[in-house]
Ligand code: ASP
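Residue numbers (full-length UniProt numbering): 1 to 415.
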């Protein structure tokens, strides 16, 4: 972003200082958590207006409704193919590394975050697509119904009388551009924000020694998730970017670095969405039409990192609790982990809750979630980074595969 070139180095310094502060000062850093909270709240404040204006502008810029359908198909194929690859990778790694076959499981409790969600199933996920009260969804920040509403609204807007259509589209387009300018202002807070978010969370975990204790207790499990995320984010997605979008993965990664640092610091794809949109359009020159269409949906349903983690965690729990999983059960895990990732909201530790679906599908104890809880805050940050990276790669792929000249009267990308 012109004029904010200092931002990425400043954010990286913020993350490093936050990690050092949290490591050495431990719980004392928690008293600085409010600084990060202000940054997070400022980003969250933009989510609802950004989703609505982005989706409506993005879809209406696709042109006529047939084009919406075609591009939508490409987007869905990308989401499901990459999520499926991530789950498969997780299943292969956890079967090779066998992290759960170390030590005995002493039993445990269903964690607080999951209590009351035991009844969660696929029907609950399907029902969450539609809301009877769209205002209530905005209040509760239920993103999925907002996306569905905006998607239909934007698509059908392309079918009404030209003059009225253009007026409405230009209203939402203008609102969207103004919100993106707000993102630029909020990013001034980012270096302090990420410093505080990382430092205080590490402090909450008991500083460096607390973190190392948590990490070593679940070391093989954590490493399996991290190796999987590195392979998916560092090899699979860059290859897709190179072959299907004809982009240089390294340059594209650097262009996204601000969004990826935000994802790691906030552990929320939704809170990162404003920054993801900004980096994709301005740094990586993905057309506004593609990024506005692909990224808001992606932040909610395309979660490669979460999908990979769900499959590793479920099979780890099976191994640790002495449940043998045959091919059929692992196939069930493949399907349910994909759907559980789709159903997870883009908020911290949402994947932990939707894991109930995977565990119940193959009859594993929900108490197993208690085993992996201690380290989840850290793995959540890692998987959220891959989730956001997967969305950004998707925007480039769709932009390359579905090029559409901008319709007359719509504004070009803001470079
Ligand atoms: N925190 C993740 C995200 O926002 C979701 C999860 O896996 O818990 O993308």
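Ideal Cβ placement from N, Cα and C applies to all residues, glycine included.
Three-way DSSP call (helix, strand, coil) for residue i in this model
| i | result |
| --- | --- |
| residue 115 | coil |
| residue 129 | coil |
| residue 396 | helix |
| residue 326 | coil |
| residue 187 | helix |
| residue 246 | coil |
| residue 302 | coil |
| residue 268 | coil |
| residue 141 | coil |
| residue 286 | coil |
| residue 362 | coil |
| residue 346 | coil |
| residue 389 | helix |
| residue 205 | coil |
| residue 110 | coil |
| residue 412 | Here the model assigns residue 412 a pLDDT of 43, short of 50, so the residue's position is not dependable and the matter cannot be decided. |
| residue 321 | coil |
| residue 158 | coil |
| residue 62 | coil |
| residue 5 | coil |
| residue 239 | helix |
| residue 403 | coil |
| residue 218 | coil |
| residue 28 | helix |
| residue 367 | coil |
| residue 37 | helix |
Any non-hydrogen atom of the ligand ASP within 7 angstroms of residue i CB
| i | result |
| --- | --- |
| residue 267 | yes |
| residue 352 | yes |
| residue 365 | no |
| residue 491 | Look at the range of the chain in this structure, 1 to 415, and you will see that residue 491 is not part of it. |
| residue 344 | yes |
| residue 383 | yes |
| residue 64 | no |
| residue 349 | yes |
| residue 302 | no |
| residue 140 | no |
| residue 380 | yes |
| residue 82 | no |
| residue 387 | yes |
| residue 53 | no |
| residue 276 | no |
| residue 280 | no |
| residue 306 | yes |
Buried/exposed call for residue i, threshold 16 Cβ in 10 Å
| i | result |
| --- | --- |
| residue 10 | buried |
| residue 112 | exposed |
| residue 123 | exposed |
| residue 41 | exposed |
| residue 192 | buried |
| residue 159 | exposed |
| residue 66 | exposed |
| residue 133 | exposed |
| residue 209 | exposed |
| residue 31 | exposed |
| residue 69 | exposed |
| residue 90 | buried |
| residue 248 | exposed |
| residue 135 | exposed |
| residue 178 | exposed |
Euclidean distance between Cα positions of residue i and residue j
| i | j | result |
| --- | --- | --- |
| residue 400 | residue 71 | 11 angstroms |
| residue 334 | residue 362 | 11 angstroms |
| residue 304 | residue 233 | 9 angstroms |
| residue 286 | residue 280 | 6 angstroms |
| residue 351 | residue 307 | 8 angstroms |
| residue 36 | residue 194 | 6 angstroms |
| residue 246 | residue 398 | 11 angstroms |
| residue 206 | residue 26 | 5 angstroms |
| residue 14 | residue 161 | 51 angstroms |
| residue 62 | residue 395 | 14 angstroms |
| residue 57 | residue 273 | 16 angstroms |
| residue 292 | residue 59 | 8 angstroms |
| residue 5 | residue 322 | 52 angstroms |
| residue 257 | residue 46 | 20 angstroms |
| residue 412 | residue 277 | Confidence in residue 412 is poor, its pLDDT being 43 and thus under 50, which makes the residue's placement unreliable; the coordinate value appears in the next sentence. Whole-angstrom Cα-Cα distance: 15 angstroms. |
| residue 94 | residue 217 | 17 angstroms |
| residue 230 | residue 142 | 30 angstroms |
| residue 183 | residue 173 | 15 angstroms |
| residue 199 | residue 28 | 9 angstroms |
| residue 242 | residue 78 | 14 angstroms |
| residue 360 | residue 165 | 47 angstroms |
| residue 288 | residue 51 | 14 angstroms |
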